[in-house]
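Written below as structure tokens is the structure these notes are about.
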Amino acid sequence: MKKLIVMSLAALFLVSCGGSKKGAWSDEDKEKARKEMEKGIRESGVDPKIMKEWIDCAIKKFEENYENFEEADNASDQEGEKIVSDCMASLMKDALKDVNSPETPTDNEEPMENPAQEEESPAEEL
Numbered sequence: 000m001k002k003l004i005v006m007s008l009a010a011l012f013l014v015s016c017g018g019s020k021k022g023a024w025s026d027e028d029k030e031k032a033r034k035e036m037e038k039g040i041r042e043s044g045v046d047p048k049i050m051k052e053w054i055d056c057a058i059k060k061f062e063e064n065y066e067n068f069e070e071a072d073n074a075s076d077q078e079g080e081k082i083v084s085d086c087m088a089s090l091m092k093d094a095l096k097d098v099n100s101p102e103t104p105t106d107n108e109e110p111m112e113n114p115a116q117e118e119e120s121p122a123e124e125l
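Read in order, the letters of the sequence shown correspond to residues 0 to 125 in numbering that gives the first Met the number 0.
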């Protein structure tokens, strides 16, 4: 998995484009980043929802740290790997929170009734 992440990062930064700066990449830079990351991650079989969240996080962090693809491409593999790993750790942490939190009904769902309240006692049936 670690090699796949590194390979995805390498593919992500193969192409560079001018007109970007830290914190404000051009739409073209972001779109190229998204497409390159999707290629590498899709092959690993990651759920599409998780893939989108992972890519969104990584693009945001790369944009905050590098002016464009060229600058990011010249960064060390360790720097890129850290960004991608941090994003995955953040997603996993959020997923664990969701799993461990008590379920709350959504706007479209009715709250679940207590099954004990729904059952009639034998005395009530008479």
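Ideal Cβ positions, reconstructed from N, Cα and C, are used throughout, including at glycine.
Would you kindly work out how many angstroms separate the C-alpha atoms of residue i and residue j, rounded to a whole number?
{"i": "Asn-67", "j": "Val-98", "result": "37 Å"}
{"i": "Ala-10", "j": "Lys-96", "result": "In this predicted model, Ala-10 has a pLDDT of only 48, less than 50, meaning its place in the structure is not dependable enough to derive any value."}
{"i": "Ala-74", "j": "Ser-100", "result": "39 Å"}
{"i": "Gly-79", "j": "Tyr-65", "result": "11 Å"}
{"i": "Ala-94", "j": "Met-87", "result": "10 Å"}
{"i": "Met-91", "j": "Asp-76", "result": "22 Å"}
{"i": "Val-83", "j": "Asp-46", "result": "16 Å"}
{"i": "Gly-39", "j": "Lys-81", "result": "17 Å"}
{"i": "Ala-23", "j": "Gly-44", "result": "30 Å"}
Please state whether the Cβ-Cβ distance between residue i and residue j is less than 8 Å.
{"i": "Arg-33", "j": "Ile-58", "result": "yes"}
{"i": "Glu-69", "j": "Lys-21", "result": "no"}
{"i": "Cys-56", "j": "Ser-89", "result": "yes"}
{"i": "Met-36", "j": "Ile-49", "result": "no"}
{"i": "Asp-85", "j": "Lys-60", "result": "yes"}
Can you tell which of the options has the C-alpha that lies nearest to the C-alpha of residue i?
{"i": "Asp-28", "options": "Val-45, Asp-72, Met-91 and Ala-94", "result": "Asp-72"}
Exposed or buried, residue i, counting other C-beta atoms within 10 Å across all chains shown (16 or more means buried)?
{"i": "Gly-17", "result": "For Gly-17, the predicted structure reports a pLDDT of 44, less than 50, and the residue's modelled location is therefore unreliable. The matter cannot be settled from this model."}
{"i": "Lys-31", "result": "buried"}
* Within the region 25–104, note down every full beta strand (DSSP E) run reaching 3 residues or more, in order along the chain. => You should have found no qualifying run.
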